[in-house]
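A.B. asks: Can you read through this structure? Questions will come right after.
Numbering (the UniProt record's numbering), first residue to last: 1 to 333.
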């Protein structure tokens, strides 16, 4: 998935959150509802997060430099990780602090925190926000379906190499649930006249945001550490290598994403001892062309030939993942 494919979902989420944040904050000023304040900060944090994702996508397109010879593709992962930190601190922890503060005051004074004026404002604002957030969530789902394929939503979020759509999906999903929780807290506060319900709604929003932030942090940390190619791409690369008549066997292969649309492939393969240097060079060029045709995102490829030894290859071996039939001991290192 390119940044362009995810850009529509990000822009839709940004526009929705800016409008929602403004209306929620006005509602907070009129009613002093802590749920409305928590939701206002949540929308501000989400707006900042979408801006960070757009910035990360733009910076990742910079050309490679001597200091960064593999380019800046993984910068998108860095900004996605920052998003999880912002959501955790500015969204989740702030909501939990506000809930604790409101809960304490409500137990000290049962009438404290009750919404005494502009009763209809928070309900109208929350219903309108649910409608706008639903539009943003629908856009994110539609854009994700272009690349999700047959994977479940859980698999898509866990396995996607491009961080933008999973982040927007989780944010929009969390926002919708948060709005329902806020509506629950505000509604019961209006019905009972007791601010403790508003505090409970705020606390539930905080717990929700912290959980989503933790999930995002775990997934983006894995991408930052360097994930290998997906199973289908690895299988396609192996087939492309072995399609050449001169390639007797793959000794070992490693892959790593340098960015969502850029894959590094390093492989060692066996050729016959009778091959000349010119033949081996030709085989390497042909193998690179086959790999790029099979997996277009394989842009950085390093191939190392070795001499095939039938006796050594026939001996029992176990590779690092249990699937390779040959080893480094074909002729040595």
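Each residue gets a CB set at the ideal place from its N, CA and C atoms; glycine is no exception.
In this structure, does DSSP put residue 268 in helix, strand or coil?
C.D. replies: Strand.
A.B. asks: If contact is defined by three or more beta carbon pairs under 8 Å, each pair taking one atom from either stretch, is the stretch 28-43 in contact with the stretch 137-144?
C.D. replies: The stretch 137-144 vs the stretch 28-43: no contact.
A.B. asks: Return yes when the Cβ of residue 77 is within less than 7 Å of the Cβ of residue 166, no when it is not.
C.D. replies: No, Cβ-Cβ distance for residue 166 and residue 77 is not below 7 Å.
A.B. asks: Hey, out of 178, 59 and 182, whose CA is closest to residue 72's CA?
C.D. replies: Among 178, 59 and 182, the Cα nearest to that of residue 72 belongs to 59.
A.B. asks: Could you give the distance in angstroms between the alpha-carbon of residue 126 and the alpha-carbon of residue 53?
C.D. replies: Each residue's alpha carbon lies about 26 Å from the other.
A.B. asks: Should residue 222 go down as buried or exposed, given a rule of 16 or more other Cβ atoms within 10 Å for buried?
C.D. replies: The residue is exposed, with fewer than 16 neighbouring Cβ atoms inside 10 Å.
A.B. asks: Under a Cβ-count criterion, where at least 16 other Cβ atoms within 10 Å of its own Cβ denotes burial, should residue 65 be classed as buried or exposed?
C.D. replies: Exposed, because fewer than 16 other Cβ atoms sit within 10 Å of the Cβ of residue 65.
A.B. asks: Within the same chain, show all residues whose beta-carbon is closer than 8 Å to that of residue 228, passing over the 5 residues directly before and after it, in chain order.
C.D. replies: If we look at residue 228 and ignore the five residues flanking it on each side, its Cβ neighbours are 234, 254, 255, 256 and 257.
A.B. asks: Of the choices 148, 7, 81 and 122, whose alpha-carbon is the least far from that of residue 214?
C.D. replies: When only C-alpha atoms are compared, the closest one is 81.
A.B. asks: If you run the structure through DSSP and keep just helix, strand and coil, what is residue 326?
C.D. replies: In this prediction, residue 326 has a pLDDT of 40, which is less than 50 and means its spatial position is unreliable; nothing more can be read from the coordinates.
A.B. asks: Determine, using beta carbons only, whether residue 284 and residue 303 come nearer to each other than 7 Å.
C.D. replies: Yes; because the gap between Cβ atoms is below 7 Å, this pair is in contact.
A.B. asks: Quick one: give me the first and last residue of the alpha helix (DSSP H) that residue 77 is part of.
C.D. replies: Segment 75-86, the alpha helix (DSSP H) holding residue 77.
A.B. asks: Let me know the alpha helix (DSSP H) ranges lying completely inside the stretch 154-192, each 4 residues or longer, listed in chain order.
C.D. replies: Those alpha helix (DSSP H) runs which fall completely within the stretch 154-192 and span 4+ residues are 164-192.
A.B. asks: Do the CB positions of residue 91 and residue 42 come within less than 7 Å of each other?
C.D. replies: Cβ distance < 7 Å, so residue 91 and residue 42 count as in contact.
A.B. asks: According to the neighbour-count rule (16 or more other Cβ atoms, all chains shown, within 10 Å of its Cβ), is residue 23 buried or exposed?
C.D. replies: Flag for residue 23 reads buried.
A.B. asks: Could you pull out every residue in the same chain whose Cβ sits closer than 6 Å to the Cβ of residue 46, ignoring the five residues on either side in sequence?
C.D. replies: Result list for residue 46: 17 and 171, in chain order.
A.B. asks: Start and end of the beta strand (DSSP E) containing residue 305?
C.D. replies: 298-307 is the extent of the beta strand (DSSP E) around residue 305.
A.B. asks: Taking the straight line between their C-alpha atoms, what separation do you get for residue 275 and residue 61?
C.D. replies: Whole-angstrom Cα-Cα distance: 41 Å.
A.B. asks: Quick one: residues in its chain with C-beta nearer than 6 Å to the C-beta of residue 96, no 5 flanking neighbours on either side, listed in chain order?
C.D. replies: Closer than 6 Å at Cβ, skipping near neighbours: 206.
A.B. asks: Among residues of its own chain, excluding the 5 on either side of residue 297, which ones have a beta-carbon nearer than 7 Å to its beta-carbon?
C.D. replies: Closer than 7 Å at the Cβ level, and outside the excluded window around residue 297, lie 261, 262 and 263.
A.B. asks: Provide the residue(s) that pair with residue 262 in DSSP beta bridges, ordered along the chain.
C.D. replies: BP columns for residue 262 point to 259.
A.B. asks: Can you tell me the Cα-Cα spacing of residue 196 and residue 183, whole angstroms?
C.D. replies: Going by the C-alpha atoms only, they are around 14 Å apart.
A.B. asks: Residue 232 lies in the alpha helix (DSSP H); which residues open and close that run?
C.D. replies: From DSSP, the alpha helix (DSSP H) with residue 232 extends over 231-242.
A.B. asks: Can you name, in chain order, every residue of its own chain whose Cβ lies under 7 Å from the Cβ of residue 204, other than the five neighbours on each side?
C.D. replies: Hits under 7 Å: 181.
A.B. asks: Per DSSP, which one or two residues make a beta bridge with residue 250?
C.D. replies: According to DSSP, residue 250 bridges with 269.
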